[in-house]
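This report concerns only the one structure given below.
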Amino acid sequence: MKLKNKVAIVTGAGSGNGRAIALRLFEEGATVVVADLNEAGANETISLAPEGSKAMVVKVDVTQKDQVDNMVAQTIQEFGKVDILVNNAGIVAFTPFLELDVAEWDKVHDVNLKAPFLCSQAVAKEMIKAGQGGRIINITSVEAHRVVSSSGHCQPHYNSSKGGLHMLTKAIALELSSHGITCNAVAPGVVQTPFTEKGLAIPEVKEWILERLPVGRIGQPQDVANAVLFLAQDEASYVTGSTLVVDGGWTIY
């Protein structure tokens, strides 16, 4: 098992990519803290883990510093350390630029950018204290690098939040490298999750997407989870400040 004796925190692990990531880490022997605002979803994730897996559910709003600090404190109290942090929690919003209000702008940036900052800072302090290095993995998006227009409308708040997370990944990697802590990102393309299922259920939309995917299929959460697993391993110690794009070739064009 590639992650035996490792302790991981996965945010947004109650569904979608986060659930797949948590389950993949469980499969490789990791102890996983399944963190989500949706406590029922988090408990369901644990129910799907291999028998004998070590786990803990933490209900948390990752945009609130006191709740993030409590999540990390609970992890240290229960398991003694944190080796891996996966900042997966995120939201998607589709309001066009000219109709976008400040409240929605703030909400998207709070979840997609502020929360990874809070979680990474809290976990990094514990990793440095332990002196054993660690792995921080941020889930960004291909839309951190490329604006996709739908019917002439874009997602400026989503693009900017994920673009910010892309650069935060690099800044954290540089600052924490002397402590043996790596920080990398996984940038998914179109993946079948609760966020995308409504759009993918429209035949014309799905066809439009498939025409732009050289691999000829929609991504699955397991594709993202496998990328996270690589970056979480000891064997990835020479990789930091990088983004692993998992998009089926979407950004080739």
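Going letter by letter, the sequence shown gives residues 1 to 253 in UniProt numbering. Cβ coordinates follow ideal geometry from the N, Cα and C atoms, glycine included.
message = Per DSSP, what are the beta-bridge partners of Lys125 in this structure?
response = Along the sequence shown, read from residue 1 onward, the residue named residue 125 stands at position 125. Answer is none; Lys125 lacks a bridge partner.
request  = Look at Lys162 and Ser141 and say whether their C-beta atoms are less than 8 Å apart.
outcome  = Residue mapping note: residue 162 aligns to position 162 of the sequence shown, counting from 1. Residue mapping note: residue 141 aligns to position 141 of the sequence shown, counting from 1. Judged by their CB atoms, Lys162 and Ser141 are nearer to each other than the 8 Å cut-off.
Minimum C-alpha distance to Ile136 - residue among Val102, Gly180, Trp105 = One-based indexing of the sequence shown puts residue 136 at position 136. Nearest Cα to Ile136 within the set Val102, Gly180, Trp105: Gly180.
query = If we call anything under 8 Å between Cβ atoms a contact, is Gly14 one with Gly41?
reply = Taking the first residue of the sequence shown as 1, we reach residue 14 at position 14. Taking the first residue of the sequence shown as 1, we reach residue 41 at position 41. In this structure, Gly41 lies closer than 8 Å to Gly14 by Cβ.
inquiry  = Suppose you measure from the CA of Thr243 to the CA of His166; what does that come to, to the nearest Å?
reply    = Within the sequence shown, residue 243 is the residue found at index 243, counting from 1. Within the sequence shown, residue 166 is the residue found at index 166, counting from 1. Answer to the nearest angstrom: the Cα atoms are 8 Å apart.
Opposing strand residues paired with Asn138 [DSSP bridges] = Walking along the sequence shown from the start, residue 138 turns up at place 138. Answer is Asn87, Ala185, bridged to Asn138.
key: Continuous beta strand (DSSP E) stretch holding Val62: start and end   = As a working mapping, residue 62 is identified with position 62 in the sequence shown. Counting along the chain, Val62 falls outside any beta strand (DSSP E), and DSSP gives it neither H nor E.
request  = Go to Asp106, then tell me how far its alpha helix (DSSP H) extends in each direction, as first and last residue.
outcome  = Within the sequence shown, residue 106 is the residue found at index 106, counting from 1. Its alpha helix (DSSP H) spans residues 102 to 109.
ask   = Could you give the residue range of the alpha helix (DSSP H) that holds residue 278?
value = Nothing can be reported for residue 278: it is not among the residues displayed for the chain, which extend from 1 to 253.
request  = Could you please give the first and the last residue of the uninterrupted alpha helix (DSSP H) stretch that includes Thr169?
outcome  = Along the sequence shown, read from residue 1 onward, the residue named residue 169 stands at position 169. It spans 156 to 176 - the alpha helix (DSSP H) in which Thr169 sits, taken as one unbroken run.
task = Would you be able to state if there are at least three C-beta pairs under 8 Å between the stretch 38 to 56 and the stretch 100 to 118?
result = Segments in contact, no.
Same chain, Cβ closer than 6 Å to Gln67, neighbours up to 5 away in sequence not counted = Here residue 67 refers to the residue found at position 67 of the sequence shown. Contacts found: Val60, Asp61.
key: Three-state secondary structure (DSSP) of Leu244   = In the sequence shown, counting from the first residue as 1, residue 244 sits at position 244. Of the three classes helix, strand and coil, the one that applies to Leu244 here is strand, per DSSP.
task = Drop a sphere of 10 angstroms on the beta-carbon of Arg217, count the other beta-carbons inside from all chains shown, and report buried for 16 or more, exposed for fewer.
result = Within the sequence shown, residue 217 is the residue found at index 217, counting from 1. Arg217 should be labelled exposed.
ask   = Quick one: what does DSSP say Ala219 is sitting in, helix, strand or coil?
value = As a first step, residue 219 must be located in the sequence shown, where it is residue number 219. Per the sequence presented here, residue 219 reads as Gly, with Ala not at that position. Here Gly219 sits in strand by DSSP.
task = Would you grab the beta carbon distance between Asn70 and Ser120 for me? Rounded to a whole angstrom, and I think it's under 8 Å.
result = As a first step, residue 70 must be located in the sequence shown, where it is residue number 70. As a first step, residue 120 must be located in the sequence shown, where it is residue number 120. In fact, because the Cβ distance is near 16 Å, the residues do not count as touching under 8 Å.
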